[in-house]
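*Asks:* First residue of the sequence shown? That's 269 in the working numbering, and the numbers climb one at a time after it. I have a structure here, written as structure tokens, and I will follow up with some questions on it.
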Amino acid sequence: MKKNIQQQQYIVSHLNEYGPIIEAEIYTNEQIFLYKKNHNKPVHFKTVQLLIDTGASISGLDNSIIKSLQLPEYSELAQVEGAGGRVQLKKYRCLLYLPVFLQKGLPLDVLEGNFSREPYQGILGRDVLQYCHFEYHGYSGKFVLRTVNF
């Protein structure tokens, strides 16, 4: 079986200060994403900076992005275990696009967070990284993100 591997290498000047940050696009749903990618027409989406967080089981977005896109909210709160203990957070549905995905998008549940004081607008957790191979080369200021058979 032949593997389809798509890879991007990122060189980040502040890698050791902030960590691996990647640019992504957030869409409200798959229909809007497909319309943008297939017709290259203007649609409402957000380009965001996301911190790759291998310790996070689920991805999260800043509440300002969620409100701006009016992402659909789940009625039940998500129970999350973190360093500060168990918390309940609002959960939303969106579609994530990373350049490494080529022309595909990933439907995704995200948690609401407050990242207003950070150089990024959300975190990319293991729910996305499960489709990727991630290499961190802090000494050289580089990281590599690959998808395999995505």
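Idealized CB from N, CA, C, for every residue including glycine. Owing to the predicted nature of the structure, the values given are computational and were not obtained by experimental measurement.
1. Quick one: grab the DSSP three-state call for GLN371.
2. Helix, strand or coil for GLU298, going by three-state DSSP, please let me know.
3. Leaving out five residues on either side along the sequence, give the residues of the same chain with a beta carbon under 7 angstroms from the beta carbon of LYS270.
4. With DSSP as the reference, identify every bridge partner of GLY350, one or two as the case may be.
5. What do you reckon, are the CB atoms on ASP330 and GLY287 nearer than 7 angstroms?
6. Pick helix, strand or coil for ASP377, following the three-state DSSP scheme.
7. Quick check on the burial criterion: 16 or more other C-beta atoms within 10 angstroms. Buried or exposed for PHE411?
8. According to the neighbour-count rule (16 or more other Cβ atoms, all chains shown, within 10 Å of its Cβ), is GLY350 buried or exposed?
9. Given this structure, state the Cα-to-Cα distance separating LEU421 from ARG385, to the nearest angstrom.
10. State buried or exposed for GLU403, treating a residue as buried only when at least 16 other CB atoms are found within 10 Å of its CB.
11. Taking buried to mean at least 16 other C-beta atoms within 10 Å of its own C-beta, is GLY381 buried or exposed?
12. Do you know offhand how far LEU374's Cα is from SER408's?
13. How is the beta strand (DSSP E) around VAL311 delimited, first residue to last?
14. Use the C-beta contact count for LYS359: other C-beta atoms within 10 angstroms, 16 or more gives buried, fewer gives exposed.
*Replies:* Taking the definition as stated:
1. coil
2. In this structure, GLU298 counts as helix in the three-state DSSP scheme.
3. Low local confidence applies: a pLDDT of 49 at LYS270 is under 50, so the model's placement there is unreliable, and no value is given.
4. GLY353
5. no
6. strand
7. buried
8. exposed
9. Summary: the structure shown does not reach residue 421, with the chain confined to residues 269 through 418, and so no result is reported for it.
10. exposed
11. By the 10 Å Cβ count, GLY381 comes out buried.
12. Their backbone Cα atoms lie some 30 angstroms apart in a straight line.
13. That residue, VAL311, is in no beta strand (DSSP E); it is neither H nor E in DSSP.
14. Under a 10 Å Cβ-count criterion, LYS359 is classified as buried, with 16 or more other Cβ atoms of the shown protein chains found around its own Cβ.
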